[in-house]
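In the working numbering, the protein residues as written are 15 to 254. Glycine included, C-beta positions come from ideal geometry on N, C-alpha and C.
Laid out in structure tokens, this is it:
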């Protein structure tokens with residue numbers, strides 16, 4: 015059984031720093047070039063008809079980077095939110111964000127909150143930015159939310175716990191893409207990627223464009239997603 019087009023693609027955008035260092039440029043230049051990749055991939059995903067695209071833009075661990083780099087990243091994020099606002103609104107994209115948003119500086123939160131609110135009624139693709147995000151932290155927050163809601167331990171199951179995740183309005187992740195050749199999850203969407211197909215490419219994120227996304231989608235479409243079943247069971251289901 016081929017997988018077809020995924021509903022939800024998540025991307026770990028890795029390799030900005032290495033791209034810049036290889037060219038003897040400041041690391042921030044890699045992040046700047048990476049913003050161009052975000053624009054191109056987002057447009058391609060929308061044109062293809064993907065239901066959701068989640069981008070790992072800034073992790074909770076990224077706060078430990080040099081202060082100058084963190085400040086520059088925040089400024090790039092602000093610029094992206096301002097510059098892409100018209101395209102997001104004109105194309106019916108719904109912007110959401112997950113993570114410890116309260117840790118972001120005010121000059122980022124203001125345009126982020128405004129665009130989230132103004133695009134909330136859009137019914138096109140959902141673009142989800144993971145900002146100050148960590149997968150383990152999200153699991154802890156979900157568990158805390160279930161406890162505070164008074165759900166008895168014996169009644170807490172996967173469905174009830176999933177309702178407390180910030181990604182509850184999104185479909186499960188079908189395809190996780192990581193650029194730069196690294197092959198690890200880096201604390202990204204640990205719960206949501208339980209059955210995701212993983213695709214690793216050596217292309218550094220600043221060089222990643224829609225043609226590379228198409229390659230990932232083509233590889234995904236050729237895979238058999240069994241969800242714990244056998245191939246024979248899947249064929250039997252398809253024929254019933």
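Which residue from 109, 229, 180 and 42 puts its Cα closest to that of residue 31?
For the purposes of this step, residue 31 is taken as residue 17 along the chain shown, with counting starting at 1. Measuring from the Cα of residue 31, the nearest candidate turns out to be 42.
Go through the stretch 74-143 residue by residue and report every complete run of the alpha helix (DSSP H) that reaches 4 residues or more, in order.
81-97, 99-104 and 120-132
Residues in its own chain within less than 7 Å of residue 58 by CB, not counting five upstream and five downstream?
The residue given as residue 58 occupies position 44 in the chain shown. Counting only Cβ-Cβ distances below 7 Å, and skipping sequence neighbours, we find 224 and 227.
Check residue 170 in the structure and name its three-state DSSP category.
For the purposes of this step, residue 170 is taken as residue 156 along the chain shown, with counting starting at 1. Residue 170: coil per DSSP, three-state reduction.
Does the stretch 152-162 touch the stretch 116-133, meaning 3 or more C-beta pairs lie closer than 8 Å?
no
C-beta contact flag for residue 190 and residue 71 at 8 Å
Residue 190 sits at position 176 when you count from the first residue of the chain shown. Residue 71 sits at position 57 when you count from the first residue of the chain shown. No, Cβ-Cβ distance for residue 190 and residue 71 is not below 8 Å.
Quick check: the stretch 157-174 against the stretch 85-105, are there 3 or more CB pairs under 8 Å?
no
Taking the straight line between their C-alpha atoms, what separation do you get for residue 121 and residue 181?
Here the question's residue 121 lines up with position 107 in the chain shown. Here the question's residue 181 lines up with position 167 in the chain shown. If I take the Cα positions, the gap works out to 24 Å.
Hey, which unbroken runs of the beta strand (DSSP E) at 3 residues or more fall wholly within the stretch 170-210?
189-192
Residue 185 and residue 65 - do their beta-carbons sit closer together than 8 Å?
As a working note, residue 65 is residue 51 in the chain shown. As a working note, residue 185 is residue 171 in the chain shown. Closer than 8 Å, so yes.
Could you pull the DSSP bridge partners for residue 69 from this structure?
By 1-based counting over the chain shown, the position of residue 69 is 55. Per DSSP, the beta bridge partners of residue 69 are 25 and 143.
Grab me the residues of residue 105's own chain with a C-beta within less than 7 Å of its C-beta, minus the 5 sequence neighbours each way, in chain order.
Counted from its first residue, the chain shown places residue 105 at position 91. Taken in chain order, the residues that qualify are 60 and 138.
Beta-carbon proximity list for residue 51, same chain, < 8 Å, skipping 5 on both sides:
Locating residue 51 in the chain shown gives position 37, where the first residue counts as 1. If we look at residue 51 and ignore the five residues flanking it on each side, its Cβ neighbours are 27, 219, 220, 221, 222 and 223.
Contact set for residue 192: own chain, Cβ-Cβ below 7 Å, skip 5 residues either direction:
In the chain shown, residue 192 corresponds to position 178, counting from 1. If we look at residue 192 and ignore the five residues flanking it on each side, its Cβ neighbours are 26, 28 and 214.
Measure from the alpha carbon of residue 150 to the alpha carbon of each residue in 80, 131 and 199, then state which is nearest.
Counting from 1 along the chain shown, the entry for residue 150 is found at position 136. That would be 199, whose Cα lies nearest to the Cα of residue 150.
Decide if residue 162 is buried, meaning its Cβ has at least 16 other Cβ atoms within 10 Å, or exposed.
Along the chain shown, one-based indexing puts residue 162 at 148. Residue 162 should be labelled exposed.
Anticipated Cβ contact below 8 Å, residue 142 with residue 96, distance rounded
Indexing the chain shown from 1 puts residue 142 at position 128. Indexing the chain shown from 1 puts residue 96 at position 82. The pair is not a contact, with the Cβ atoms about 19 Å apart (cut-off 8 Å).
Taking the beta carbon of residue 108 as the centre, do at least 16 other beta carbons fall within 10 Å, making it buried, or is it exposed?
By 1-based counting over the chain shown, the position of residue 108 is 94. The residue is buried, with at least 16 neighbouring Cβ atoms inside 10 Å.
Alpha helix (DSSP H) containing residue 13: first to last residue?
Any answer about residue 13 is impossible in this case: the structure gives the chain only from 15 up to 254.
Taking Cβ to Cβ, would you say residue 21 is nearer than 8 Å to residue 188?
Residue 21 sits at position 7 when you count from the first residue of the chain shown. Residue 188 sits at position 174 when you count from the first residue of the chain shown. Against a cut-off of 8 Å, the Cβ pair of residue 188 and residue 21 comes out as a contact.
My guess is that residue 62 and residue 19 are in contact by the Cβ rule of under 8 Å, so how many angstroms apart are they, rounded?
Translated into positions along the chain shown, residue 62 becomes position 48. Translated into positions along the chain shown, residue 19 becomes position 5. Correct: roughly 7 Å between the Cβ atoms.
Cα separation between residue 165 and residue 115?
Stepping through the chain shown from its first residue, residue 165 is reached at position 151. Stepping through the chain shown from its first residue, residue 115 is reached at position 101. If I take the Cα positions, the gap works out to 26 Å.
Just checking residue 46 against the ligand GDP - is the residue's beta carbon closer than 7 Å to any of the ligand's heavy atoms?
The ligand GDP is absent from the structure shown, which contains no ligands of any kind.
Quick check: the Cα distance between residue 179 and residue 205, rounded to an integer number of angstroms?
Within the chain shown, residue 179 is the residue found at index 165, counting from 1. Within the chain shown, residue 205 is the residue found at index 191, counting from 1. In a straight line, the C-alpha of residue 179 is about 9 Å away from that of residue 205.
Considering only residues of the same chain and omitting the five flanking positions on each side of residue 208, which have a CB-CB separation below 8 Å?
Position 194 of the chain shown, counting from 1, holds the residue named residue 208. Once the five neighbours on either side are set aside, the close Cβ partners of residue 208 are 186.
Run through DSSP, which three-state label would residue 231 get?
Sequence index remark: in the chain shown, residue 231 carries index 217 (1-based). Helix, per DSSP.
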